[in-house]
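Participant: Counting from 1, position 53 in the sequence shown corresponds to residue 41 in this note's numbering; the numbering is continuous, with no gaps. Glycine included, every Cβ here is placed at the ideal spot set by N, Cα and C. Submitted below is the structure of interest, expressed as structure tokens.
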Amino acid sequence: MRKKRNRAIDSLVQTAVQAQKRAYCPYSRYPVGAAVLTDRGRIFAGCNVENASYGLSICAERAAICRSVAGGNDVIRAVCVVGAAARPCGACRQVMYEFSDKDTELYLVDLDPATGRRRIERTTVFKMLPMAFDPLASGLLPANPRTSSRR
């Protein structure tokens, strides 16, 4: 089982690395790739897509999550973000939280484009957003048996 899990994480990281290469970032020149692994074992990629009207830009993490949801998946088991000093913004952290449980892993990959070296930091979505706005605790969402492990 552990080997299967490691292969899934390796695929997740590789998918995010490939997504970073497709980022559309002519304004910031800061390409980011992301990928999410769902509870069904599917991987969805996303990259940042900027716009001249900056508020219309979308981060890689949210792009990957939107693709996952559009594909019929609403529970994330792992997320990978690839970029220089990769760290999800606050909006992405909140969106990841919405589709995660307390064990959802987060892999932050600092990729040096010059050397191709990767430094991978592992944490969880919940640790990245302490005291998050919780739609379950607030009563906005009914308890979902698939995400009930939050508590």
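(1) So for Ser126, helix, strand or coil by DSSP?
(2) Assign Val20 to one of three DSSP states: helix, strand, or coil.
(3) Pairs of beta-carbons, one from the segment 110 to 128 and one from the segment 81 to 94, closer than 8 Å: are there three or more?
(4) Under 6 Å Cβ to Cβ from Pro19, same chain only, skipping five residues before and after it: list those, please.
(5) Please report the distance separating the alpha-carbon of Ser45 from that of Cys68.
(6) Just list the alpha helix (DSSP H) runs in the segment 20 to 52, keeping only unbroken ones of 4 residues or longer that don't cross its boundaries, in chain order.
(7) Can you find at least 3 beta carbon pairs, one from the segment 76 to 83 and one from the segment 29 to 36, that sit closer than 8 Å?
(8) Leu25 and Gly71: beta carbons closer than 9 Å?
(9) Let me check one thing: in DSSP terms, what residues is Glu93 bridge-paired to?
(10) By the three-class DSSP mapping on this structure, what secondary structure does Tyr12 have?
(11) Cβ of Ala33 within 9 Å of Cβ of Ala4?
(12) Three-state secondary structure (DSSP) at Leu117?
(13) Is Gly78 near the ligand FMN, with its Cβ less than 8 Å from a heavy atom?
(14) Among Ala73, Leu124, Asn(-6), which has the Cα closest to the Cα of Arg105?
Facilitator: Reading from the atomic positions:
(1) Stepping through the sequence shown from its first residue, residue 126 is reached at position 138. Three-state DSSP puts Ser126 in coil, outside helix and strand.
(2) Reading the sequence shown from its first residue, position 32 is the one you call residue 20. Coil.
(3) Cβ pair count under 8 Å is three or more, so yes.
(4) The sequence position of residue 19 within the sequence shown is 31, counting from 1. Only Gln8, Ala11, Cys13 meet the Cβ criterion.
(5) As a first step, residue 45 is located in the sequence shown; it is residue number 57 there, counting from the start. As a first step, residue 68 is located in the sequence shown; it is residue number 80 there, counting from the start. C-alpha separation (whole angstroms): 20 Å.
(6) Whole alpha helix (DSSP H) segments, 4+ residues: zero.
(7) Result no; under three Cβ-Cβ pairs closer than 8 Å.
(8) For this step, residue 25 is matched to residue 37 along the sequence shown. For this step, residue 71 is matched to residue 83 along the sequence shown. Inclusion of Leu25 and Gly71 in the CB contact set at 9 Å is not warranted, their separation being larger than that value.
(9) Looking up residue 93 in the sequence shown gives position 105. Note: Glu93 sits in a beta bridge opposite Ala66, Thr112.
(10) On the sequence shown, position 24 is the one that residue 12 refers to. Three-state result, Tyr12: strand.
(11) By one-based count along the sequence shown, residue 33 stands at place 45. By one-based count along the sequence shown, residue 4 stands at place 16. A contact, by the Cβ cut-off of 9 Å.
(12) Numbered from its first residue, the sequence shown carries residue 117 at position 129. If DSSP states are grouped into helix, strand and coil, Leu117 belongs with coil.
(13) Among the components of this structure there are no ligands whatsoever, and the ligand FMN is therefore not found.
(14) For this step, residue 105 is matched to residue 117 along the sequence shown. Selection Ala73, Leu124, Asn(-6) evaluated against Arg105 yields Ala73 as nearest (Cα-Cα).
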